[in-house]
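The structure appears below as structure tokens.
In our numbering, the protein residues as written are 34 to 109.
Quick look at the structure:
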């Protein structure tokens, strides 16, 4: 994406993401402290598992196989 395209349409590249960030910040501020603690714990656990799988982020993360994708799509 080149700079003139971003400057030509600031609504889709600046305003919409800023409004989305404000809405997310508002929703996060309304969460109970237990929900925030659980969410942060789940995030930390996921990052730790990813670090172990990728040997300290030195290797690429594993990709889904076709059968895994089909299972996920069938469940949705």
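Ideal Cβ positions, reconstructed from N, Cα and C, are used throughout, including at glycine.
| Check | Outcome |
| --- | --- |
| With C-beta atoms as the reference, is residue 90 less than 9 Å away from residue 81? | no |
| Measure the alpha-carbon distance for residue 67 versus residue 77 and round it to whole angstroms. | 15 Å |
| In this structure, does DSSP put residue 66 in helix, strand or coil? | helix |
| Along the alpha helix (DSSP H) that carries residue 107, what are the first and last residues, could you check? | 99-108 |
| Quick one: residues in its chain with C-beta nearer than 6 Å to the C-beta of residue 94, no 5 flanking neighbours on either side, listed in chain order? | 87 |
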